[in-house]
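For the record, in the sequence shown the residue sitting at position 160 is 159 according to numbering that gives the first Met the number 0, with numbers rising by one throughout.
Beta carbons: idealized from backbone N, C-alpha and C, even for Gly.
This one's a predicted model, so the numbers in the text were calculated from it and none came from an experiment.
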Amino acid sequence: MLLLLNAPFVNQIKATSSNCKKTPPQSKGPFYKVPSKIFNNDMTNNGKAIGKRIKVYGKILDNKCKPITNASLDIWQANSFGKYNHKADLSRSRKDNDFFGYMRLLSNEKGEYNFNTILPGSYKVSKDLTRTPHIHFKVTSKQKQLTTQMYFKGNKMNKKDFLFKNTYNNNALEASIDESFRNLTYKFDIII
0 MLLLLNAPFV
10 NQIKATSSNC
20 KKTPPQSKGP
30 FYKVPSKIFN
40 NDMTNNGKAI
50 GKRIKVYGKI
60 LDNKCKPITN
70 ASLDIWQANS
80 FGKYNHKADL
90 SRSRKDNDFF
100 GYMRLLSNEK
110 GEYNFNTILP
120 GSYKVSKDLT
130 RTPHIHFKVT
140 SKQKQLTTQM
150 YFKGNKMNKK
160 DFLFKNTYNN
170 NALEASIDES
180 FRNLTYKFDI
190 II
């Protein structure tokens, strides 16, 4: 099921920069699944999930900076302990039954989206490799599709993350903190 967002929060989104280079694609990873439940724009089970609550918002734009209406966004991430809510995640990291970890949204008539979640934890891929905290996005419009990952600007682990550091224009993958909001809020525009 899809959820069309039209919350007052989204109306506060300011115009984006005129630099509309395509957001770099990234792997969907092994833990993608199509969301099967009806979700609102809150992965935290009304704040019951363990971890630092955050809000993420942005716009879906084309390469001419025009908003894309009704783009479908599949969003997924690890919980605050670095564990995905997915049967293929066999790590010993702690599970959080109050954290959904997956959702599907639609951008509104201005291309805007927003959701509540928790700050994802990092996790080990192997003995020597650790993924920095990130959130996955799969964006689908009528003509285009993009799978990418959002990282948190200023996180020192980003520079060591093998996917982040090997992506051209990786600064376009970093969400910035929007200090105009009382709660911890990140802005992440996606250009497809």
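For residue i, which beta-bridge partners are listed by DSSP?
{"i": "residue 146", "result": "137"}
{"i": "residue 191", "result": "BP columns for residue 191 are empty, so no partner."}
{"i": "residue 112", "result": "57"}
{"i": "residue 123", "result": "129"}
Should residue i and residue j be called a contact, given that it needs their Cβ atoms to be closer than 7 angstroms?
{"i": "residue 71", "j": "residue 139", "result": "yes"}
{"i": "residue 192", "j": "residue 47", "result": "The chain is shown from 0 up to 191; residue 192 falls before or after that span and cannot be answered."}
{"i": "residue 144", "j": "residue 133", "result": "no"}
How would you write the range of the alpha helix (DSSP H) that residue i sits in, first residue to last?
{"i": "residue 164", "result": "161-164"}
Taking the alpha-carbon of residue i as reference, which of the options has the nearest alpha-carbon?
{"i": "residue 110", "options": "153, 149, 59 and 154", "result": "59"}
{"i": "residue 32", "options": "87, 50 and 65", "result": "87"}
{"i": "residue 130", "options": "137, 119 and 136", "result": "119"}
{"i": "residue 24", "options": "94, 155 and 171", "result": "171"}
{"i": "residue 182", "options": "22, 108, 116 and 92", "result": "116"}
{"i": "residue 113", "options": "127, 169 and 103", "result": "103"}
{"i": "residue 180", "options": "99, 27, 18 and 53", "result": "53"}
{"i": "residue 154", "options": "61, 27, 107 and 174", "result": "174"}
{"i": "residue 226", "options": "105, 146 and 156", "result": "Residue 226 lies beyond the stretch modelled for the chain, which goes from 0 to 191, so this question has no answer here."}
{"i": "residue 81", "options": "100, 41 and 64", "result": "100"}
So, under 8 angstroms CB-CB, residue i and residue j are touching, yes? Tell me the CB distance rounded to an integer number of Å.
{"i": "residue 186", "j": "residue 57", "result": "6 angstroms"}
{"i": "residue 49", "j": "residue 95", "result": "5 angstroms"}
{"i": "residue 21", "j": "residue 137", "result": "Their Cβ separation, rounded to whole angstroms, is 15 angstroms, which puts residue 21 and residue 137 out of contact at 8 angstroms."}
{"i": "residue 190", "j": "residue 62", "result": "6 angstroms"}
{"i": "residue 83", "j": "residue 163", "result": "With 8 angstroms as the limit, residue 83 and residue 163 do not qualify as a contact, their Cβ atoms being about 18 angstroms apart."}
What span of residues does the beta strand (DSSP E) with residue i cover, start to end?
{"i": "residue 102", "result": "101-105"}
{"i": "residue 73", "result": "71-76"}
{"i": "residue 174", "result": "173-176"}
Closer than 7 angstroms, CB to CB, is residue i near chain B or not?
{"i": "residue 51", "result": "Absent here is chain B; the protein component of the structure consists of one chain."}
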